Amino acid sequence: MRLRALLETDALGLRLLGGDDELDRTVRGVMTTDLRDPSRYLSGGELVLTGLAWRRSADDSEPFVRILASAGVVGLAAGEAELGDVPDDLVLACERHRLPLFAVNESVAFATITEHVVRQVSGERAGDLAAVVDRHRRLMTSGPAGGGPEVVLDLLGSDLDLRAWVLSPTGRRIAGAGEPLTPGAGAELAAEHLAATRTGRRGPHRATVGGTTYSLFPIRNTGRGAAPASRDVRETVLSDWLLAVEADASDWPAARLDLLQGVTQLIAVERDRRDAARTVRRRLAQEVLELVQTGAPPAEIAARLRVAAPVLLPGLGTAPHWQVVVARVDWAEEGGSPVEAGPAAQSLLEEILVDPAAPGAETADRIAVAHTGEEAVALVPLPAVPAPAAEPDEEHAGEGQAGGPDHAREDTGLHADALLAAVRGPLSAGLADDGRLTLGVSAAVHSAEGLRGALEEARHARRVAAARPGRVCAAGHHELASHVLLLPFVPDDVRRAFTARLLDPLRDYDRRHRAELIPTLEAFLDCDGSWTRCAGRLHLHVNTLRYRVGRIEQLTGRDLSRLEDKLDFFLALRMS
């Protein structure tokens, strides 16, 4: 249908504000958004409906319209319910970019316009498949009462006999129809999808898991055959949802592929709506983070926490404990422009902090994540935990606490290793060979005074994680009391010289003689210098072990009976 036809339908309540010479443009779809940058969900040819919630000042109109025009949007319809008359700055921006602009009367719901456009566009397509798309879209645009992605997937099953699931980038089930995926299948499918996306292959991607073939569709509002997005794929690869269909789509006709692409666009709109609902929580986290970082008085921080608690833990009668989690995604820069990693780390941290076994998108609704620069910071509320009972024995006083009286018990709350255990595989595939995710977790604190220390604790723990090998690494507050806290801050040239002086003679000897001196040294230190335990672990005679240790001491000039030399070897192995 053409834009001109929209003005001829009185029930739509549209009034043209500009662009009368562009009304012969063809409308291929419709999208409702209040995101400041909805480009990831646009494929071109859409009529965009907006309530103007993205506009905070007159300066916001120009970049918003520029993004729409660059994405090939054919027209913009702005609702009058929020601000009254459409602002002049938006009218002028649309004129500059030759984008037709309509005003939507406040008495007309966006769902009415959506249904009309979809009905007209669907009517121009042949066959029953278009009718299914229309049916799906009407259900999605009816709001939460329509059932969201679950209803769309139910209709795929009933109308096309297709089993499908919406998965997060870590493989967690967002929505699904019928039987759940087998344990671990979601993570494997997500890993396959992320790996294929990083290679630049267009979806759908074919994957076989547990003897079953699936087709994996990226959930973005990009129609089939649309030009590739101009942004770096690394900015979104770790945050996009995917649609897994239990079928091999490689031999599907174009009409069926069009249908599935349409379904992914519908789900993308639902993702857009749910992301917008996180705005309040993200803003709360940002405000608290700014107060903590600028050294605001604890009373002011506490007041803001009291505002955040009911939003994040509705129905909770007492102030919760809080933990801070810091995450950072780093990409290797090999020419080109640097990747903006802060928003991606924010979305990823929101996903990581959800229990992998918890289905649905709303499970992240009690997590507040902000981002500053390249770093994402999560403020995680915990139900109040009882203070640990005092030990009668002075020797054990304070056990079970972390960092003093302001901390809750260590066995409560989040643990660094557990956070990444279920998601390490898929995320490693998405990070490929040029990305790293590092994460640090603080102890739980119960006051505003402790929050600043918790933030620094989480940041220090993340630096410890960054010093470790691997694509996905985490460290917790409990590790900050050991030597590993010092290692990330040793200059690289000092680390290299120290480890080379101690370990290179052993490595060179191992290469020439296959003597396994390095593994022997590691086992000897791990057994605290016990000859018997070490020999048993290595399945060696004690005399053979003594010969190897003697050779280590001869090559390095060190004495493994001395504590100082043992410690030097231990640190060299940890830094190598």
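Heads up: the sequence shown is residues -14 to 561, going by the working numbering. Yeah, the Cβ is synthetic: ideal placement off N, Cα and C, and Gly gets one too. The model shown is predicted, which means the values in this text are computed figures rather than measured ones.
Over the uninterrupted beta strand (DSSP E) stretch that includes Trp316, give me the two end residues. Residue mapping note: residue 316 aligns to position 331 of the sequence shown, counting from 1. Taken as a continuous stretch (DSSP letters only), the beta strand (DSSP E) holding Trp316 covers His306 to Trp316.
Start-end ranges of the alpha helix (DSSP H) lying completely within the region 469 to 547, minimum 4 residues: 477 to 498, 502 to 511, 516 to 523 and 527 to 541
Can you give the Cα-Cα distance for Glu464 and Asp402, rounded to whole angstroms? As a working mapping, residue 464 is identified with position 479 in the sequence shown. As a working mapping, residue 402 is identified with position 417 in the sequence shown. Distance between the alpha carbons of Glu464 and Asp402: 12 Å.
Nearest-angstrom Cα distance between Ser235 and Arg186? Residue 235 sits at position 250 when you count from the first residue of the sequence shown. Residue 186 sits at position 201 when you count from the first residue of the sequence shown. Near 14 Å, if we compare the C-alpha coordinates of Arg186 and Ser235.
Residues in the same chain with beta-carbon distance under 8 Å from Ala508, minus the five sequence neighbours each way, listed in chain order, please. Here residue 508 refers to the residue found at position 523 when the sequence shown is read from its first residue. Closer than 8 Å at the Cβ level, and outside the excluded window around Ala508, lie Cys519, Arg522 and Leu523.
Environment of Glu91 [buried if 16+ CB atoms lie within 10 Å]: By one-based count along the sequence shown, residue 91 stands at place 106. Taking every protein chain shown into account, the CB of Glu91 has fewer than 16 other CB atoms within 10 angstroms, so this residue is exposed.
Just to confirm the assignment: which complete alpha helix (DSSP H) runs, minimum length 4, are found wholly within the region 211 to 292? 239 to 262 and 264 to 278
Just grab the DSSP bridge partners of Gly3 for me. Numbered from 1 along the sequence shown, position 18 holds the residue referred to as residue 3. Looking at the DSSP assignment, Gly3 forms a beta bridge with Leu86.
Mind checking which residues open and close the beta strand (DSSP E) that includes Arg448? Sequence index remark: in the sequence shown, residue 448 carries index 463 (1-based). Looking at the DSSP string, Arg448 is not in any beta strand (DSSP E); the run it does join, the alpha helix (DSSP H), is Ala433 to Ala451.
Could you tell me which residues DSSP puts in a beta bridge with Phe202? The residue given as residue 202 occupies position 217 in the sequence shown. The partner list for Phe202 (beta bridge, DSSP) reads Leu228.
In chain order, what residues of the same chain have a beta carbon less than 6 Å from the beta carbon of Arg266, not counting five sequence neighbours either side? By 1-based counting over the sequence shown, the position of residue 266 is 281. Answer for Arg266: Ala353, listed in chain order.
Going by the CB atoms, is the gap between Ala175 and Asp139 shorter than 8 Å? By 1-based counting over the sequence shown, the position of residue 139 is 154. By 1-based counting over the sequence shown, the position of residue 175 is 190. Not closer than 8 Å, so no.
Per-residue burial, Pro295 [other beta carbons within 10 Å of its own, 16 or more giving buried]: On the sequence shown, residue 295 is found 310 positions in, with the first residue counted as 1. It counts as exposed.
Spell out a yes or no on whether the region 11 to 28 and the region 97 to 106 are touching, meaning 3 or more CB-CB pairs, one atom from each, closer than 8 Å. yes
Look at Val324 and Asp217 and say whether their C-beta atoms are less than 8 Å apart. By one-based count along the sequence shown, residue 324 stands at place 339. By one-based count along the sequence shown, residue 217 stands at place 232. Closer than 8 Å, so yes.
Rounded to whole angstroms, what's the CA-CA distance from Asp489 to Leu540? Just pull it up for me. The sequence position of residue 489 within the sequence shown is 504, counting from 1. The sequence position of residue 540 within the sequence shown is 555, counting from 1. Distance between the alpha carbons of Asp489 and Leu540: 10 Å.
For the region 148 to 185, which segments carrying the beta strand (DSSP E) assignment without a break, of at least 3 residues, lie completely within its bounds, in sequence order? 149 to 152 and 158 to 161
Within a Cβ cutoff of 6 Å, which residues of the same chain sit near Ala293, ignoring the five residues on either side of it in sequence? Here residue 293 corresponds to residue number 308 of the sequence shown, with the count starting at 1. Leu269.
Whole angstroms are fine: how far does the CA of Arg480 sit from the CA of Ala557? The residue you call residue 557 lines up with position 572 of the sequence shown. The residue you call residue 480 lines up with position 495 of the sequence shown. Spanning the two alpha carbons is a distance of roughly 8 Å.
Please report the straight-line C-alpha distance between Arg291 and Ala66, rounded to a whole angstrom. Within the sequence shown, numbered from 1, the residue matching residue 291 stands at position 306. Within the sequence shown, numbered from 1, the residue matching residue 66 stands at position 81. Spanning the two alpha carbons is a distance of roughly 32 Å.
For Arg83, tell me which candidate among Ala(-4), Pro366, Gly3 and Arg104 has the shortest Cα-Cα distance. Translated into positions along the sequence shown, residue 83 becomes position 98. Distances from the CA of Arg83 to each of Ala(-4), Pro366, Gly3 and Arg104 were compared; the closest alpha carbon is that of Gly3.
Helix, strand or coil for Pro23, going by three-state DSSP, please let me know. Translated into the one-based positions of the sequence shown, residue 23 becomes position 38. In the structure shown, Pro23 sits in coil (DSSP, three-state: anything other than H, G, I, E or B).
Output needed for Ala181: all residues of its chain with C-beta closer than 6 Å, excluding positions within five of it in sequence on either side, in chain order. Walking along the sequence shown from the start, residue 181 turns up at place 196. Counting only Cβ-Cβ distances below 6 Å, and skipping sequence neighbours, we find His190.
Please return the same chain residues whose Cβ sits closer than 6 Å to the Cβ of Arg0, not counting the five positions on each side in sequence. Locating residue 0 in the sequence shown gives position 15, where the first residue counts as 1. Ala88.
So, helix, strand or coil for Ala406, using DSSP? Here residue 406 refers to the residue found at position 421 when the sequence shown is read from its first residue. Note: Ala406 maps to helix in three-state DSSP.
Tell me which residue opens and which closes the alpha helix (DSSP H) that Pro366 is part of. Against the sequence shown, residue 366 aligns to sequence position 381. Counting along the chain, Pro366 falls outside any alpha helix (DSSP H), though it belongs to the beta strand (DSSP E) covering Glu360 to Leu367.
Specify the secondary structure class of Gly415 as computed by DSSP and reduced to three states. Locating residue 415 in the sequence shown gives position 430, counting from the first residue. Of the three classes helix, strand and coil, the one that applies to Gly415 here is helix, per DSSP.
Check whether the Cβ atoms of Arg219 and Ala253 sit closer than 8 Å, and answer yes or no. What you label residue 219 is simply residue 234 of the sequence shown in a count that begins at 1. What you label residue 253 is simply residue 268 of the sequence shown in a count that begins at 1. Cβ atoms of Arg219 and Ala253: not closer than 8 Å.
Where the alpha helix (DSSP H) through Ala(-10) begins and ends: Counting from one through the sequence shown, the residue named residue -10 turns up at place 5. Ala(-10) -> alpha helix (DSSP H) spans Leu(-12) to Leu(-8).
First and last residue of the beta strand (DSSP E) that includes Arg421? Along the sequence shown, one-based indexing puts residue 421 at 436. Following the DSSP letters along the chain, one finds Arg421 inside the beta strand (DSSP E) bounded by residues Gly420 to Val426.
Segments of 3+ residues assigned as beta strand (DSSP E) that fall wholly inside the region 16 to 71: 31 to 35 and 60 to 64
State yes or no: is the C-beta of Tyr494 nearer than 7 Å to some heavy atom of the ligand FMN? This structure does not include the ligand FMN; it has no bound ligands of any sort.
Would Cys458 pass as a contact of Ala450 if the rule is Cβ separation under 8 Å? Residue 458 sits at position 473 when you count from the first residue of the sequence shown. Residue 450 sits at position 465 when you count from the first residue of the sequence shown. Their beta carbons are under 8 Å apart, which means Cys458 touches Ala450 by this criterion.
Using the Cα positions of Arg547 and Asp493, report the straight-line distance between them to the nearest angstrom. On the sequence shown, position 562 is the one that residue 547 refers to. On the sequence shown, position 508 is the one that residue 493 refers to. So the alpha carbons of these two residues sit roughly 24 Å apart.
Proximity winner among Arg(-11), Thr(-6) and Ala149, relative to Val59 (alpha-carbon distances): For the purposes of this step, residue 59 is taken as the residue at position 74 of the sequence shown. Nearest option by C-alpha distance: Arg(-11).
Determine the closest residue to Asp70 out of Ile52, Ala56, Glu80 and Leu37, with distance taken between C-alpha atoms. Taking the first residue of the sequence shown as 1, we reach residue 70 at position 85. The shortest C-alpha separation from Asp70 is found at Leu37.
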